[in-house]
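Q: Following the numbering used here from start to finish, the sequence shown increments by one per residue and tops out at 426. All residues carry an ideal CB built from backbone N, CA and C; glycine is no exception. Sending over a structure as structure tokens; questions will come in a sec.
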Amino acid sequence: MPVINRIAEYFDDMKGWRQHIHAHPELSLDCHNTAAFVVERLREFGITDIHEGIAESGVVAIIEGRGDGPTIGLRADMDALPLQEKTGLDYASTVDGKMHACGHDGHTTMLLGAAKYLAETRNFSGRVALIFQPAEETVGGARMMCEEGVIENFNISQVYAMHNLPGMPLGQMNSTPGPAMAAADEFKITVHGKGGHAAMPHGTIDPIMVAVQIAQSLQTIITRNMDPIEKAVLSITQIHAGTAGNIVPDDAMLAGTVRTFSADVRDMIEMRIGVLAQQIAEGFGASATVEYDRGYPATINSPEETVFAMKAAAQVVGDDNAKMDIPPTTGAEDFAYFLEKCPGAYVVLGNGDSAGLHHPEFNFNDEASPIGASYFVKLVENAQPAAR
Ligand code: NI
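Structural data, given as structure tokens:
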């Protein structure tokens, strides 16, 4: 496959960087050593315009091209997971209970590979903003970087990212225009009744009965309130109440998760959960407190940029291996925040026959690094060709 020749020559370097990052995983916003490693490499490549400490340990580095033009953003996540590694690799995690089990070590490496090439060749106009982001797995490093003004401050006009995908053959890439990954929200409902002796229920307001009615009714939001062409998941994952066989408790709690692909459906479900919980409780003489916590929004690829991205992918992996037929998934991804502010696309890259993401035996496939780095470079050179 036509990986850029010069990038193929970086293979051993990239493998070294990746395995170093793999051996030294860091969590959430605390990616300081990874960021320092990244900055050291960028300086070696001759990149000097480097901004550190964004979202605590995030880095944005600018490479100037030849001649005026816009700025294209390329993003990689850097954080690992709180998991005990069981790969038995000679470069396995050196930190107990922390592991690169989602391949962000590989994502960071691919962006470094692209940075080395772009800094060496500068065969583009305008600027490239390299975005190295912490806390994808936890508090939304992408949201924080956006709140700190990364898109506006660096004048980024389009933004791209990729994720490896176990089970997809090495050398394949895929994306989907429009919604690609779900918004992930959580809710908690507390029903306040009136406790008492279970042998004399008429003197109580039984919160368990109310909670059960609410649990059943919430499923009608998906089947009765939502356009059947839309997709969403509402799962109740906890019901807690009571302490003994002869006591009606005061309160009952239920909680769960909501996954949606559009802002309208998300707003509707949040609203209906509130109305149903409160009014059902009221109907029984109880009351309900509803907490709805919004997590990452849906990852929505802008259609034009998705087609553009997959054309760049096809130049690297061939037309037959660059597809736009992957269905949306109910997983979530904080690159969504960048896509809310700026057109762009999120693509997946085959990791071959490996253990799944977030599994203690997962490992990023080093053979994928030159492919991903070449893809990033093609995006830049196609979007912002060098002035003649
Ligand atoms: Ni990930």
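(1) I want to check one thing, is the minimum distance from the CB of histidine 60 to the heavy atoms of ligand 1 below 8 Å?
(2) For the beta strand (DSSP E) containing aspartate 223, list its first residue and its last residue.
(3) Over what stretch of residues does the beta strand (DSSP E) that includes aspartate 51 continue unbroken?
(4) Would you call the segment 94-105 and the segment 161-169 in contact, with 3 or more CB pairs under 8 Å?
(5) Would histidine 60 pass as a contact of aspartate 117 if the rule is Cβ separation under 9 Å?
(6) Can you give the beta carbon distance from valine 197 to cysteine 380, rounded, assuming they're within the 8 Å contact cut?
(7) What does DSSP give as the partner residue(s) for glutamate 329 in the beta ladder?
(8) Quick one: grab the DSSP three-state call for methionine 211.
(9) Report yes if the C-beta distance between leucine 395 and glycine 410 is below 9 Å; otherwise report no.
(10) Does at least one heavy atom of ligand 1 sit under 8 Å from the Cβ of aspartate 289?
(11) Please confirm whether any heavy atom of ligand 1 lies closer than 8 Å to the CB of glycine 141.
(12) Report yes if the C-beta distance between alanine 424 and asparagine 161 is below 9 Å; otherwise report no.
(13) Is it buried or exposed for proline 108, if we count other Cβ within 10 angstroms and need 16 for buried?
(14) Quick check on DSSP: helix, strand or coil for methionine 200?
(15) Check the DSSP bridge columns for phenylalanine 162 and list the partner residues they point to.
(16) Give me whichever residues DSSP pairs with glycine 283 in a beta bridge.
(17) What span of residues does the alpha helix (DSSP H) with histidine 70 cover, start to end?
(18) Measure the beta-carbon distance from cysteine 184 to phenylalanine 376 and round it to whole angstroms, keeping in mind my assumption that it falls under 8 Å.
(19) Can you tell me the Cα-Cα spacing of aspartate 391 and alanine 406, whole angstroms?
(20) Which residue's Cα is closest to the Cα of aspartate 115: Tyr413, Tyr384, Val415, Ala249?
(21) What do you reckon, is the C-beta of leucine 395 under 8 Å from a heavy atom of ligand 2?
(22) Can you tell me which of the three DSSP states glutamine 122 falls into?
(23) Examine ligand 1 and report whether any of its heavy atoms sits within less than 8 Å of the Cβ of glutamate 175.
(24) Taking asparagine 212 as the reference, which of Glu419, Val229, Pro366 has the closest Cα?
(25) Can you give, in chain order, each stretch of the alpha helix (DSSP H) that sits fully within the segment 342-383 and has at least 4 residues?
(26) Helix, strand or coil for glycine 394, going by three-state DSSP, please let me know.
(27) Would you say histidine 201 touches ligand 1, meaning its beta carbon is less than 8 Å from a heavy atom?
(28) Excluding the 5 residues preceding and the 5 following threonine 125 in the sequence, name in chain order all residues of the same chain whose CB lies nearer than 6 Å to its CB.
(29) Out of curiosity, what's the CA-to-CA distance linking threonine 327 and alanine 290?
(30) Hey, how far is the Cα of threonine 281 from the Cα of alanine 237?
A: If we stick to the structure as given:
(1) no
(2) Per DSSP, aspartate 223 belongs to the beta strand (DSSP E) from 221-230.
(3) In the DSSP annotation of this structure, aspartate 51 is not part of any beta strand (DSSP E); the continuous alpha helix (DSSP H) holding it starts and ends at 49-61.
(4) yes
(5) no
(6) Indeed, because the Cβ distance is near 5 Å, the residues count as touching under 8 Å.
(7) Lys226
(8) Methionine 211 falls in the strand class under three-state DSSP.
(9) The Cβ atoms of leucine 395 and glycine 410 lie no closer than 9 Å to each other.
(10) no
(11) yes
(12) Contact flag set, yes.
(13) That one is exposed.
(14) strand
(15) Pro423
(16) In the DSSP assignment, no residue is bridged to glycine 283.
(17) 70-82
(18) 6 Å
(19) 12 Å
(20) Comparing Cα positions, the closest option is Tyr384.
(21) For the structure depicted, ligand 2 is absent and the ligand set comprises only ligand 1.
(22) coil
(23) yes
(24) The shortest C-alpha separation from asparagine 212 is found at Pro366.
(25) 373-379
(26) coil
(27) yes
(28) Glu399, Asn401
(29) 11 Å
(30) For threonine 281 and alanine 237, the distance between alpha carbons rounds to 15 Å.
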